[in-house]
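Working notes for the structure below.
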Amino acid sequence: MKHTLGFSYWLALAVTAISLCATLPALAETKEVRMAQQFGLSYLPVHVVVDQKLIEKHARAAGLGDMKVSLARLGSGAAMNDALLSGSVDIGFAGTTLLLTVWDKTRGGRGDIRGMMAICDSPIYFNSIDPRIKSIRDFREGDRIAMTAPRGTHHAMVLEIASAKAFGWENRNRLSVFGVALPH
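Just so we're aligned: 418 in our numbering is position 89 of the sequence shown, and the numbers increase by one with no gaps anywhere.
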């Protein structure tokens with residue numbers, strides 16, 4: 330329990346400090362921190378921060394007054410990047426590949442979106458309900474592989490790396506045709 334509360338404290342402090350420092354000019358206009366996450370257990374620290382009102386607590390302690398925190402849930406990292414780019418959210422929780430994509434699109438320009446921290450370290454498992462599929466070599470026409478997006482996500486990149494190992498570099502995209510987008 331002590332470890333979880335300590336982590337939540339530092340997560341709230343980091344989120345508050347970085348998000349507020351990045352938006353100091355906007356503080357005169359708004360007292361709201363708009364966050365968005367995807368679905369899944371890996372976002373548990375975010376729920377602790379919101380449930381315990383840690384951002385509000387630390388904003389008051391820093392002399393910033395009352396702060397409203399809202400949390401939206403989006404179905405994919407691509408939707409998260411769109412929300413960040415459109416200004417619909419101030420903080421988006423997503424994977425590294427999505428961060429790199431949105432950072433590259435905005436660096437040195439309007440928005441200049443950057444990453445803050447990791448909120449979890451979770452493994453990626455490849456599961457199938459089809460008993461015929463024992464490895465990635467067993468996929469054939471008509472099969473589907475669900476992931477948040479078939480291109481540009483951590484899951485898609487891991488599948489591409491596994492395909493390169495199994496079928497050779499020139500066939501690294503061999504399984505991309507099986508990808509379908511579904512939320513976590």
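Every residue, glycine too, gets a C-beta built ideally from N, C-alpha and C.
Note that the structure is predicted; figures quoted are calculated from it, not measured.
Determine the burial state of residue i: buried for a count of at least 16 other Cβ atoms within 10 Å of its Cβ, exposed for fewer.
i       : result
Val-398 : buried
Ser-464 : exposed
Looking only at C-alpha atoms, which of the options sits nearest to residue i?
i       : options                            : result
Ile-453 : Thr-359, Gly-369, Ala-365          : Gly-369
Gln-367 : Glu-499, Ala-423, Gly-440          : Ala-423
Arg-439 : Ser-451, Arg-503, Gly-416          : Gly-416
Trp-432 : Thr-426, Pro-374, Ile-442          : Ile-442
Val-362 : Leu-383, Ala-408, Asp-459, Ala-493 : Leu-383
Met-396 : Leu-414, Lys-360, His-387          : Lys-360
Gly-421 : Leu-429, Thr-430, Asn-410          : Asn-410
Ser-405 : Arg-466, Ala-491, Gly-497, Leu-428 : Leu-428
Cβ of residue i within 8 Å of Cβ of residue j?
i       : j       : result
Leu-403 : Ala-447 : no
His-376 : Thr-425 : no
I'd like the list of long-range same chain contacts for residue i, defined as Cβ closer than 7 Å, with 5 residues on each side in sequence excluded.
i       : result
Phe-507 : Phe-468, Asp-472, Arg-473, Ile-474
Asp-380 : none
Below 6 Å CB to CB, which residues in the same chain sit around residue i once its five sequence neighbours on both sides are set aside?
i       : result
Val-509 : Arg-473, Ala-475
Leu-488 : Leu-504
Ala-311 : Not covered by the structure: residue 311. The range shown for the chain is 330 to 513.
Inset, instruction - Counting only runs of 4+ residues fully inside the region 355–394, write out the alpha helix (DSSP H) ranges in chain order. - result: Complete alpha helix (DSSP H) runs here, min 4: 373–380, 383–390.
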